[in-house]
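Q:
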Amino acid sequence: MTLKQKMLDNRLVIPLMGAPGIKLSKTTLKENLLDDKVQFRTLSLLMERFEPDGIFTFMDLTVELDALGLKVKYPDNDNPSILEHPLNDIEDLENIEKAWKGPSGRMIKFIRLMGKMSAEIPIINGGYVIGPFSMAGELMGVNDIAISVITDPDLVKKVLEFSNKVIAEYISALFDAGADTVAVLEPSAVILSPEHYREFSLLPFKRLAETIAQPLILHICGNTTHLIEQMVESGAAGLSLDSDVSFGGIKSQVPEEITLIGNLSPAEVFLQGNVEEVREAALSLKKEMTGRKNFIISSGCDLPVDTPLENIEVFMKTAREEL
Amino acid sequence: MTKLFEEISEALQAGDVNSVQEKLKKGLDEEASPRDLLNEGLLKGMGIVGEKFKKNEVFVPEVLIAARAMNAGMDILKPALIETGVESTGRIIIGTVKGDLHDIGKNLVKMMMEGSGFEVIDLGTDVSPEDFVTAVKEHQPNILGMSALLTTTMPQMQKTIEALEESKLRDQVLVMVGGAPVTDKYAEEIGADAYARDAATAASVAKERVS
């Protein structure tokens, strides 16, 4: 069955995994994030073991900030984090703008990785970029940006404009390298009211989607039920939503030309559940989504590093069973 | 005075730092009781914000600016409160566990707790089990609250509980846990006393368990 047929038949199974693969390649998370050859090997092993219909690179929300020279902490087996949030005013923004010289730093590794995946892995290959509000949030600090959307919206908008420029250039480079899709990760947007979301995350995303011809996926973690109505206007080809959102509840709000991607809980089901619980959760989601066109069964967010491999296995198997 | 209390509450809800401070000063000048300014003004406003947050009528930015106004108000009110010896609902130590730098959720819980009249001692992020234990020894809180956003840092909660046991402090403090990957089931597994799904719930659970 070709991918296109599978897509039409709603049979694509694509868990958002990268990190659990380090058990297969016997590597650390850090090694995968710092070395594209290591990550390629891990992703190849994941592919061989689970045969998903698509695979994304490791989720890493620090790549863009790292390219701008912000300090990043890389624990051996945990997601990296940004150690400084240097942007407080327009002057800081101007300094950071000067640090951007086009795709650089670890972006180069992810672009190279995408090229190799595209050449050698014959399934849907996806890349990740950070979303505009989340990037601005890392530059300013999430606490500060949350306050500034009310007290200094003009500054936030200028930071968003710059973030979008960085993100757009990186997205283009990933597509040029052969990505089939790029998912824009916008976790920090979940804290906003619908009105603020529109102004500070949706509109910048729309501008990205308008300038990029290829399909983008919009991913926001957490309970985004209050934002769905707006997210469908984003211009994204797909919405990847977390486990707090009831797919049964929102599926009628999302037009069928937009692919829904999700949404078994990475922590409660994949990490802490046993195989029976994973199986039940997958079956119940499939039932809930029966008849929905353009649905990719997946995890609600990135699978944690310690996810038991047998849980991923039973997820793949259950997802592919006939109901 | 009722009108002034109402105005303080409204200024706090709008996050208007200057107005909150001015009105509190005015209240103190007119010899309103510091306890009433706190309970009927600041805490009432914070309580309304918390309720609205729970019902998805306001979101994190609105809560944060209200909390900022609350802190600014406390700067004015604290000396007067200490003078009159107002008692708090209880004392809470709170922090994000070791290896985890996420603090929005923890900050929200802190605000909601303060809004419920608790005295909150915030240890910040990346707090080791040893640091939690030291703080419990020093401050003798009613509640210890731990937050984690990462599945890989969650186990630090259990390590902290074990460290409390080793230091024979476990029985004197109610351990509450929360954070995106944390579940009721997980809380039970690691031997925590309470779990709350969100910041507003955390405050009501805390109040219920302490009083």
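Heads up: the protein sequence lines correspond to chains Y and W, in order. Just so you know, the first sequence maps onto residues 169 to 491 in the working numbering. Just so you know, the second sequence maps onto residues 120 to 330 in the working numbering. Think of the CB as a built atom: it goes at the ideal place given N, C-alpha and C, for glycine as much as any other residue. Only a predicted model underlies this, so the values are computations on that prediction, with no experimental measurement involved.
1. When Cβ atoms are compared, which residues of the segment 467-488 of chain Y fall closer than 8 Å to chain W?
2. Determine, for Y/L192, whether the minimum Cβ-Cβ distance to residues of chain W falls below 7 Å.
3. Under 7 Å Cβ to Cβ from Y/A377, same chain only, skipping five residues before and after it: list those, please.
4. With respect to the alpha helix (DSSP H) encompassing Y/D312, which residues constitute its N-terminal and C-terminal limits?
5. Indicate the three-state DSSP secondary structure (helix, strand or coil) for Y/R217 in the structure shown.
6. Tell me Y/F463's beta-bridge partners as DSSP assigns them.
7. Near W/K171, which residues of its chain fall below 6 Å by C-beta distance, leaving aside the five closest residues on each side in sequence?
8. Who are the Cβ neighbours of Y/M185 in its own chain at under 7 Å, not counting the five residues just before and after it?
9. Does any residue of chain Y bring its CB to less than 7 Å from the CB of W/N175?
10. So who's on the other strand from Y/K241, going by DSSP bridges?
11. Check whether the Cβ atoms of Y/E424 and Y/K461 lie closer than 7 Å to each other.
12. Chain W partners of Y/P243, CB-CB under 7 Å?
13. Determine the direct distance from the alpha carbon of W/A151 to that of W/D219, and round the result to whole angstroms.
14. Taking Cβ-Cβ distances shorter than 9 Å, what residues in chain W pair up with Y/L360?
15. How far does the alpha helix (DSSP H) with Y/R447 in it reach, from first residue to last?
16. Between the segment 266-275 of chain W and the segment 195-203 of chain W, are three or more C-beta pairs nearer than 8 Å?
17. Work out the CA separation of W/Q277 and W/I310 for me, nearest whole Å.
18. Would you tell me roughly how many angstroms separate the C-alpha atoms of Y/F343 and W/E181, rounded to the nearest one?
19. Would W/P300 pass as an interface residue toward chain Y - the criterion being a Cβ-Cβ separation below 7 Å?
20. Locate the alpha helix (DSSP H) running through Y/D348, then write down its first and last residues.
21. In angstroms with no decimal places, state the Cα-to-Cα distance between W/D317 and Y/A287.
22. Identify every run of the beta strand (DSSP E) within the segment 345-430 of chain Y, keeping only runs that are complete inside it and at least 3 residues long; order them along the chain.
23. Do Y/I291 and Y/G346 have their C-beta atoms within less than 7 Å of each other?
24. Pick helix, strand or coil for Y/G189, following the three-state DSSP scheme.
25. Is there a Cβ of chain Y sitting closer than 7 Å to that of W/T320, yes or no?
26. Return the CA-CA distance between Y/R209 and Y/D348, expressed in angstroms with no decimal places.
27. Within 10 Å of its beta-carbon, does Y/Q440 have 16 or more other beta-carbons around it, so buried, or fewer, so exposed?
28. Quick one: grab the DSSP three-state call for W/N190.
29. Within the continuous alpha helix (DSSP H) that includes W/V353, where are the two ends?
30. So with Cβ pairs under 7 Å, would you call W/T337 a contact of chain Y?
31. Using a Cβ-Cβ cutoff of less than 7 Å, which residues in the same chain neighbour Y/A304 once the five nearest sequence positions on both sides are dropped?
32. Check W/V205 in the structure and name its three-state DSSP category.
33. List the residues of chain Y whose Cβ lies closer than 9 Å to the Cβ of W/Y333, in chain order.
34. Please list the terminal residues of the continuous alpha helix (DSSP H) segment that includes Y/R179.
35. For Y/S277, I'd like the list of residues in its chain whose CB is within less than 6 Å of its CB, leaving aside the five on either flank, ordered along the chain.
36. Given a limit of 8 Å on CB to CB distance, which residues of the segment 238-272 of chain W reach chain Y?
A: Inspection of the coordinates gives the following:
1. Residues passing the 8 Å Cβ filter: P472, V473 and D474.
2. Contact of Y/L192 with chain W is not assigned, every C-beta pair being separated by 7 Å or more.
3. Sequence-distant partners of Y/A377 (beyond 5 residues in either direction) whose C-beta falls short of 7 Å from its own C-beta, in its chain, are L384, S402, G403 and A404.
4. That run of the alpha helix (DSSP H) goes V310 to T319.
5. Residue state, collapsed to three classes: helix.
6. Answer is Y/L428.
7. Within its own chain, the residues whose Cβ lies closer than 6 Å to the Cβ of W/K171, once the five positions on either side in sequence are excluded, are V177, listed in chain order.
8. These residues qualify, in order along the chain: L214, L471 and I480.
9. Closer than 7 Å: yes.
10. DSSP output for Y/K241 lists Y/S249 as bridge partner(s).
11. Closer than 7 Å, so yes.
12. Near Y/P243 (Cβ distances below 7 Å), the residues of chain W are G218.
13. Approximately 43 Å between the Cα atoms of the pair.
14. Neighbours of Y/L360 on chain W, chain order: F178, V179 and P180.
15. Element bounds for Y/R447: V443 to E456.
16. The segment 266-275 of chain W vs the segment 195-203 of chain W: no contact.
17. One detail in the question is off: residue 310 of chain W reads as Gly in this sequence, not Ile. Taking the straight line joining both Cα atoms gives about 7 Å.
18. Cα to Cα, Y/F343 sits roughly 38 Å from W/E181.
19. Taking Cβ atoms only, chain Y reaches closer than 7 Å to W/P300, which makes this a yes.
20. Note, Y/D348: premise wrong, no alpha helix (DSSP H); not H, not E.
21. If I take the Cα positions, the gap works out to 45 Å.
22. Runs of the beta strand (DSSP E) lying entirely within the segment 345-430 of chain Y, each at least 3 residues long, are 349-353, 384-388 and 406-409 in chain order.
23. No. Outside cutoff.
24. Here Y/G189 sits in helix by DSSP.
25. No, W/T320 lies away from the interface with chain Y (no Cβ there is under 7 Å from its Cβ).
26. Per the coordinates, the alpha-carbon of Y/R209 lies some 20 Å from the alpha-carbon of Y/D348.
27. Burial call: buried.
28. The three-state reading of DSSP puts W/N190 in helix, counting H, G and I together.
29. Only positions 120 to 330 of chain W appear in the structure, and residue 353 of chain W is not among them; the question remains open.
30. Absent from the structure is residue 337 of chain W, since the part of chain W shown begins at 120 and ends at 330.
31. Contacts found: I313, V324, V327, L328 and S331.
32. The three-state reading of DSSP puts W/V205 in coil, since its state is none of H, G, I, E or B.
33. The displayed coordinates of chain W run from 120 to 330. Any statement about residue 333 of chain W would go beyond what the structure contains.
34. For Y/R179, no alpha helix (DSSP H) run applies, since DSSP gives it neither H nor E.
35. First, the residue type needs correcting, since residue 277 of chain Y is Lys and not Ser in the sequence shown. Within the same chain, Y/K277 has close Cβ partners D204.
36. Within the segment 238-272 of chain W, the qualifying residues are L269, T270, T271 and T272.
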